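*Asks:*
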Amino acid sequence: MRFAFTEQQTEFRDAVRQVLTKECTPDDLRAAFDAPAARTDRWTTLAEMGVVGLTVPEPQGGLGLDLLDLVPLLEEAGRSALPEPLIETTALAAPLLAAFPSGPAVDWLERIAIGVVTAAVGPVEVISGSAGSTGGEATVPAAVGADLYILSSASGVHAVPSADVTVTPVASLDPTRRLGTIDWEPTTTTLIASGEESREELVRLADRASVATAAELLGLADRMISIAAAYAKERNQFGKPIGSFQAVKHLLAGARVKLEFARPAVYGAAWSLGQVDLAGSPSGSRGASLAKAYASDAATEAARVSLQVHGAIGYTWECDLHLYLKRAWALAESWGSSADHRSRILASLVVELHQTQA
Amino acid sequence: MNTTTDGAMDLRFTPAQEEFRAEARHWLAANSPAPGSLPSLDTPDGFEAHRAWEQTMFADRWSVVSWPEEFGGRDVGILEWLIFEEEYWRIQAPVRVSQNGVFLLAPTMFEFGTDAQKARFLPPMASGEEIWCQGWSEPDAGSDLAGIRSRAERAPDDDGWLLTGQKTWASRGAYAEWCFGLFRTDPDAERHRGLTYFLMAMDSPGVTVRPIPQIDGEPGFAEIFFESVFVPDSQVLGGVGQGWSVAMATAGSERGLSLRSPARYTEAVSRLVSLYAERLDRDPARAARSADAVAQVWMDAEAYRLNTYWTASRVLAGGTVGPEASANKIHWSETDLAIYRTALGLLGPEAELTGGGGVAGNPWLDGFLFALAGPIYAGTNEIQRNVVAERLLGLPRA
Numbered sequence: 016m017r018f019a020f021t022e023q024q025t026e027f028r029d030a031v032r033q034v035l036t037k038e039c040t041p042d043d044l045r046a047a048f049d050a051p052a053a054r055t056d057r058w059t060t061l062a063e064m065g066v067v068g069l070t071v072p073e074p075q076g077g078l079g080l081d082l083l084d085l086v087p088l089l090e091e092a093g094r095s096a097l098p099e100p101l102i103e104t105t106a107l108a109a110p111l112l113a114a115f116p117s118g119p120a121v122d123w124l125e126r127i128a129i130g131v132v133t134a135a136v137g138p139v140e141v142i143s144g145s146a147g148s149t150g151g152e153a154t155v156p157a158a159v160g161a162d163l164y165i166l167s168s169a170s171g172v173h174a175v176p177s178a179d180v181t182v183t184p185v186a187s188l189d190p191t192r193r194l195g196t197i198d199w200e201p202t203t204t205t206l207i208a209s210g211e212e213s214r215e216e217l218v219r220l221a222d223r224a225s226v227a228t229a230a231e232l233l234g235l236a237d238r239m240i241s242i243a244a245a246y247a248k249e250r251n252q253f254g255k256p257i258g259s260f261q262a263v264k265h266l267l268a269g270a271r272v273k274l275e276f277a278r279p280a281v282y283g284a285a286w287s288l289g290q291v292d293l294a295g296s297p298s299g300s301r302g303a304s305l306a307k308a309y310a311s312d313a314a315t316e317a318a319r320v321s322l323q324v325h326g327a328i329g330y331t332w333e334c335d336l337h338l339y340l341k342r343a344w345a346l347a348e349s350w351g352s353s354a355d356h357r358s359r360i361l362a363s364l365v366v367e368l369h370q371t372q373a
Numbered sequence: 002m003n004t005t006t007d008g009a010m011d012l013r014f015t016p017a018q019e020e021f022r023a024e025a026r027h028w029l030a031a032n033s034p035a036p037g038s039l040p041s042l043d044t045p046d047g048f049e050a051h052r053a054w055e056q057t058m059f060a061d062r063w064s065v066v067s068w069p070e071e072f073g074g075r076d077v078g079i080l081e082w083l084i085f086e087e088e089y090w091r092i093q094a095p096v097r098v099s100q101n102g103v104f105l106l107a108p109t110m111f112e113f114g115t116d117a118q119k120a121r122f123l124p125p126m127a128s129g130e131e132i133w134c135q136g137w138s139e140p141d142a143g144s145d146l147a148g149i150r151s152r153a154e155r156a157p158d159d160d161g162w163l164l165t166g167q168k169t170w171a172s173r174g175a176y177a178e179w180c181f182g183l184f185r186t187d188p189d190a191e192r193h194r195g196l197t198y199f200l201m202a203m204d205s206p207g208v209t210v211r212p213i214p215q216i217d218g219e220p221g222f223a224e225i226f227f228e229s230v231f232v233p234d235s236q237v238l239g240g241v242g243q244g245w246s247v248a249m250a251t252a253g254s255e256r257g258l259s260l261r262s263p264a265r266y267t268e269a270v271s272r273l274v275s276l277y278a279e280r281l282d283r284d285p286a287r288a289a290r291s292a293d294a295v296a297q298v299w300m301d302a303e304a305y306r307l308n309t310y311w312t313a314s315r316v317l318a319g320g321t322v323g324p325e326a327s328a329n330k331i332h333w334s335e336t337d338l339a340i341y342r343t344a345l346g347l348l349g350p351e352a353e354l355t356g357g358g359g360v361a362g363n364p365w366l367d368g369f370l371f372a373l374a375g376p377i378y379a380g381t382n383e384i385q386r387n388v389v390a391e392r393l394l395g396l397p398r399a
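The listed protein sequences derive, respectively, from chains A and B.
Here the first sequence stands for residues 16 to 373, numbered as in my numbering.
Here the second sequence stands for residues 2 to 399, numbered as in my numbering.
(1) Check Asn363(B) in the structure and name its three-state DSSP category.
(2) With a cut-off of 8 Å, does the C-beta of Ser168(A) fall near any C-beta of chain B?
(3) Assign Thr202(A) to one of three DSSP states: helix, strand, or coil.
(4) Counting only runs of 4+ residues fully inside the region 278-347 of chain A, write out the alpha helix (DSSP H) ranges in chain order.
(5) For Gly148(B) versus Ile225(B), is the C-beta distance shorter than 8 Å?
(6) Hey, quick one: how far does the beta strand (DSSP E) through His173(A) stretch, first residue to last?
(7) For the structure I just gave you, are there three or more beta carbon pairs, one from the region 298-314 of chain B and one from the region 323-336 of chain B, closer than 8 Å?
(8) Exposed or buried, which one is Ile127(A) when buried takes at least 16 other CB atoms within 10 Å?
(9) Could you spell out where the alpha helix (DSSP H) holding Gln56(B) opens and where it closes?
(10) Count the other CB atoms, across all protein chains shown, that sit within 10 Å of the CB of Ile340(B); report buried if there are 16 or more and exposed otherwise.
(11) Using a Cβ-Cβ cut-off of less than 8 Å, give me the residues of the region 265-278 of chain A that come near chain B, in sequence order.
(12) Check whether the region 340-356 of chain B touches the region 307-322 of chain B, taking contact to mean three or more Cβ pairs, one atom from each stretch, closer than 8 Å.
(13) Roughly how many angstroms lie between the CA atoms of Thr25(A) and Leu78(A), to the nearest whole one?
(14) With a threshold of 8 Å, are at least 3 pairs of Cβ atoms found where one atom belongs to the region 207-223 of chain B and the other to the region 257-268 of chain B?
(15) Residues of chain A with CB under 7 Å from Gly8(B), in chain order?
(16) Ordered along the chain, which non-local residues of its own chain (more than five positions away) have a Cβ less than 6 Å from that of Phe85(B)?
(17) Please report the distance separating the alpha-carbon of Asp84(A) from that of Ile79(B).
(18) For Asp222(A), does the count of other Cβ atoms within 10 angstroms reach 16, so buried, or fall short, so exposed?
(19) CB Val71(A) to CB Leu124(A), shorter than 8 Å?
(20) Take the Cβ of Thr197(B) as the centre, count every other Cβ of all protein chains shown within 10 Å, and call the residue buried at 16 or more, exposed below.
(21) Quick check on Thr228(A): buried or exposed, where buried means 16 or more other Cβ atoms within 10 Å of its Cβ?
(22) Closer than 8 Å, Cβ to Cβ, to anything on chain B: give me those residues from the region 248-263 of chain A, in chain order.
(23) Start and end of the alpha helix (DSSP H) containing Ile384(B)?
(24) Going residue by residue through the region 198-263 of chain A, where are the continuous alpha helix (DSSP H) segments of at least 4 residues, counting only ones entirely within it?
(25) Checking contacts by CB at 8 Å: is Arg13(B) closer than that to chain A?
(26) Are the Cβ atoms of Leu347(B) and Leu276(B) separated by less than 8 Å?
(27) Can you give the Cα-Cα distance for Leu273(B) and Ala344(B), rounded to whole angstroms?
(28) What does a CB cutoff of less than 7 Å around Pro125(B) pick up in its chain, not counting 5 residues either side in sequence?
(29) In three-state terms, what does DSSP make of Met10(B)?
(30) What are the residues that DSSP puts in a beta bridge with Ser168(A)?
(31) Do Val232(B) and Gly161(B) count as a contact pair if the criterion is CB distance below 8 Å?
(32) Can you find a CB in chain A that lies within less than 8 Å of the CB of Val274(B)?
(33) Alpha carbon to alpha carbon, how far is Ala146(A) from Leu123(B)?
(34) Is the Cβ of Arg398(B) closer than 8 Å to any Cβ of chain A?
(35) Please report whether the beta-carbon of Val389(B) lies at a distance below 8 Å from any beta-carbon of chain A.
(36) If you count every other CB in all the chains shown that lies within 10 Å of the CB of Arg301(A), and 16 or more means buried, which is it?
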C-alpha cells in the first residue's frame, strides 16, 4: 500500500503547470472562445513536452505511460481550462489504438505523438446517459476540426479519418467544446476491433473517460475555489474582507472538503484501471463511476460557491470566473452525470450481492 | 529515497499484511461476541460486559495492535491498524468502551507522557481495567474551549494541585475510573494560556458524578464536579501551562485518523445495500425513492476509505495529518448521519420501531441516534469549517 504519486509524476505535473500558467491564461481562453481550434501552438508545445504522446507506446514515439501518469497532468489541464482535446486524444484514443495495433492504428499513434493529430471519441452507451444528444442524435465533444474519429457501430470500433465523416457543429455554452454531430458510414477499412474484445474495450474506454474527465474537474474545482478565496480576501464590505465572515467561510470550506475527498477517489480509480485484473471489472468500473460522480459534484459545488462569493461581478463576461464555470458545468454532465454514475454503481452492487447470495 | 516512500503507487497490501489480516479475522471470528449480543455500554451491566471484551482482546494482544509490545500491543504500523479495524467492523464486534483512552488519550501520552506515566497508565488502559472519560466541555466552554473556568491551585504541601470546577458532557463519565482534561493553573492568563492537562482518578475525594441520560434514555453522559480534588504532580501531562497545545494534539488525533476508521462506514453501507436489495423485493416503489441516496452514501464511505489510505501514505512518508483533519471530521460525521438517515427512509413506518427493549432493538435507529452526535462532538462541524477556511484556504480570522 503506497497511495501517493512518485517524485517523477509530481515533477512532470509541476512542469506542465508552469507551461500552462504562461500559455493558457484567461486572455488565451477568451481568444479560444472567439476562435476555437483543435490544434494550436500550445498543443505543439505539449506534444514536444511528451504530454500529448504520454500514452502512446514508445515504439510509436510516445512515452508508453498510462492513465495514472496522465491524471496529474489532466488536473493541470483542468486548472487552466485547457481548450485542446487532451482527454479525447491522449486519455481515450491513444490507449484504444494501442490495444489494437494494426497498420492504420500504428500510423495514427505515430502522428498523435508528434502533435499533428487530435481525436474525437463518439458516443459510447456503456453508462446510461453518457452520450449527449440533440433531437436523438448524439453530440460529440472535440468533433469540429478533429483529424481522427473513434466511433463505434454494430460491427465494432472504428478509427475514421476526417475525410470520411461529415461534422455538423452544435453550439455550446463553452465554444471550446467544439461539439458536433457526426455522419459516417462504417467500412471494413476503418474497423480496428470487433466482437467481444471491442465490447470489453468500450467498457474500459468509458471508464477511462470517466476518470480522465474527473481529473480535469478536480483542477477546475481547485482553480474556482482559489479564485474565489483570493477575491474573498481582497473584497471589503462592512469594513473588513468578506472572507472573514463565517457565512462566506463556510461556503468555501464546504467546497474545499468536497474537493479534498474527490481527489483520492480519482487517483484510486486511475490506479485500478491500470491493473489487468481490475480494469473493466465491476469493481474497477464502480471506482471510475465514484471518481466521476465525486469530481462532478465537487466541481459544480465549487462553481456555485465561487459565483456566490463573487456576487454580481462574478455574473459578468468581464470577470474571468465564467471561463472556468462553463467548462465545469459541461464536463460535469459529460461521460455520465453524477446521478448516472450513482445509478450505475447501485445496479452493479445489487448484481454483485445477488451473485454472492446465489 | 527508499522504496517504501518512493515506489510506484500501489493500493494492494503486502503478503505480510494479508497474513496479519487473516490472523485478525480468525481470532475475531473465534472470540468476538455475536453482533448486538452485549447490553448497551451505557448501562452498568453493559459497561462491565464491554470491559470484559476489552480484557479478552488484551489477553491475546488485540486491544491496542499499534502500541509497542511492552504496553500490550503488537507494534504494528498505521496500515495494519486500519486492516485490523476493517476486520473488527466486518464482524460487527462490540463498540470499544475504552475508546477515549486508547484512541484519544494514548496518542497524547505517547507524545507528551513521562516514562513513569506511560508505565503506570498505558497497560491498564489497554486491558480495560481502567476506563477513561474526557473532561473538556464546561457549562460555559463548548465550542469556545478556551473559555474554561475550572481551576487548579497549588496544594498546601506543594506536591500537587487542588482542582475545583465543573466538567460536563463527559461520555462514559458515569462509570469511568479515570478522567483527563484541562484546568486553569494561571488565573491571570487569558484564553489559551495558563491551562494545564491533568489526569484525575474518579474516586478521588471531592469528585461528584451526576449521570446525564442521553437522547436514548441511557446515562451515556455525566457531569463531573470537582471540589478541591487533590491531584499529584505526577498526574500532570505535558508541562504546567502547556495544556492547550497538549490538548490540541489529542483533538488532532480525534479528528484525524485514530477515532473513526473507514471500516465503520464501509461495513455500514454494505449492510445498507443489503437492506436496499431486500426492500427492492418487498416495496420497490419506496426502495426506488431511496436508490440515489443509497448510492451516494456508498460513495461517501468509499471516498473516506480512499482518503484515509491517501493520508496514511502521507504520514508514513513523514508528513502530518494537519488541518485536513478538520475536513476529515466533517466528512465522516456527515457520512455517518446520511447512512442511517437513508436506512430509516428505506424502513419507512418501521423506522421508529424499537422492538420494546430500547433503541438497541433496532440497529438502524440506534445507529441513527449515535450518528446524530457526530457533527457535534470532537469540535462542531461549524468550528471545523472555520479551520478549513482559515488554515487550508487562508481566509482571515473574524
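The C-beta atom is built at its ideal place from N, Cα and C for all residues, glycine as well.
Just so we're clear, the structure is a prediction, and the values are computed from it rather than from any experiment.
*Replies:* In brief:
(1) Start at 1 with the first residue of the second sequence, and residue 363(B) comes out as number 362. Three-state DSSP puts Asn363(B) in coil, outside helix and strand.
(2) By 1-based counting over the first sequence, the position of residue 168(A) is 153. Not an interface residue.
(3) Locating residue 202(A) in the first sequence gives position 187, counting from the first residue. Looking at Thr202(A) - three-state DSSP - the assignment turns out to be coil, as it is neither helix nor strand.
(4) 297-325
(5) Taking the second sequence and counting its residues from 1, one reaches residue 148(B) at position 147. Taking the second sequence and counting its residues from 1, one reaches residue 225(B) at position 224. No, Cβ-Cβ distance for Gly148(B) and Ile225(B) is not below 8 Å.
(6) Here residue 173(A) refers to the residue found at position 158 when the first sequence is read from its first residue. Its beta strand (DSSP E) spans residues Gly171 to Pro176.
(7) yes
(8) In the first sequence, counting from the first residue as 1, residue 127(A) sits at position 112. Buried.
(9) In the second sequence, the residue the question calls residue 56(B) occupies position 55. Residues Pro45 to Ala60.
(10) Residue mapping note: residue 340(B) aligns to position 339 of the second sequence, counting from 1. Result: buried.
(11) Residues of the region 265-278 of chain A whose Cβ lies closer than 8 Å to any Cβ of chain B, in chain order: His265, Leu267, Ala268, Gly269, Arg271, Val272, Glu275, Phe276, Ala277 and Arg278.
(12) Touching, no.
(13) Indexing the first sequence from 1 puts residue 25(A) at position 10. Indexing the first sequence from 1 puts residue 78(A) at position 63. Using only the alpha carbons, I get a separation of about 16 Å.
(14) no
(15) Mapped onto the second sequence, residue 8(B) falls at position 7. Near Gly8(B) (Cβ distances below 7 Å), the residues of chain A are Arg17.
(16) Within the second sequence, residue 85(B) is the residue found at index 84, counting from 1. Hits under 6 Å: Ala25 and Val66.
(17) The residue given as residue 84(A) occupies position 69 in the first sequence. The residue given as residue 79(B) occupies position 78 in the second sequence. Using only the alpha carbons, I get a separation of about 27 Å.
(18) As a working note, residue 222(A) is residue 207 in the first sequence. Buried: at least 16 other Cβ atoms inside 10 Å.
(19) Start at 1 with the first residue of the first sequence, and residue 71(A) comes out as number 56. Start at 1 with the first residue of the first sequence, and residue 124(A) comes out as number 109. Cβ atoms of Val71(A) and Leu124(A): closer than 8 Å.
(20) To locate residue 197(B), count along the second sequence from 1; it is residue 196. Thr197(B) should be labelled buried.
(21) If you number the first sequence from 1, residue 228(A) lands on position 213. Under this definition Thr228(A) is a buried residue.
(22) Going along the region 248-263 of chain A in chain order, one finds Lys248, Lys255, Pro256, Gly258, Ser259, Phe260, Gln261 and Val263 with a Cβ nearer than 8 Å to chain B.
(23) Residue 384(B) sits at position 383 when you count from the first residue of the second sequence. Unbroken alpha helix (DSSP H) run through Ile384(B): Asn382 to Val388.
(24) 210-249
(25) The sequence position of residue 13(B) within the second sequence is 12, counting from 1. Output row for Arg13(B): interface = yes.
(26) As a first step, residue 347(B) is located in the second sequence; it is residue number 346 there, counting from the start. As a first step, residue 276(B) is located in the second sequence; it is residue number 275 there, counting from the start. Cβ distance < 8 Å, so Leu347(B) and Leu276(B) count as in contact.
(27) Locating residue 273(B) in the second sequence gives position 272, where the first residue counts as 1. Locating residue 344(B) in the second sequence gives position 343, where the first residue counts as 1. Approximately 7 Å between the Cα atoms of the pair.
(28) Here residue 125(B) refers to the residue found at position 124 of the second sequence. Taken in chain order, the residues that qualify are Glu131.
(29) Position 9 of the second sequence holds residue 10(B). Note: Met10(B) maps to coil in three-state DSSP.
(30) Translated into positions along the first sequence, residue 168(A) becomes position 153. Bridge partners of Ser168(A): Gly171(A).
(31) The count along the second sequence starts at 1 and reaches residue 161(B) at position 160. The count along the second sequence starts at 1 and reaches residue 232(B) at position 231. For Gly161(B) and Val232(B), yes; Cβs fall inside 8 Å.
(32) What you label residue 274(B) is simply residue 273 of the second sequence in a count that begins at 1. Yes, contact with chain A.
(33) On the first sequence, residue 146(A) is found 131 positions in, with the first residue counted as 1. On the second sequence, residue 123(B) is found 122 positions in, with the first residue counted as 1. Because the pLDDT of Ala146(A) is 49, which lies under 50, any placement of that residue in the model is unreliable, and the number read from its coordinates should be weighed accordingly. The alpha-carbon of Ala146(A) is positioned some 59 Å away from that of Leu123(B).
(34) The residue given as residue 398(B) occupies position 397 in the second sequence. Arg398(B) counts as touching chain A.
(35) The residue given as residue 389(B) occupies position 388 in the second sequence. With its beta carbon less than 8 Å from one in chain A, Val389(B) belongs to the interface.
(36) Position 286 of the first sequence, counted from the first residue, corresponds to residue 301(A). It is buried - the Cβ of Arg301(A) has at least 16 other Cβ atoms within 10 Å.
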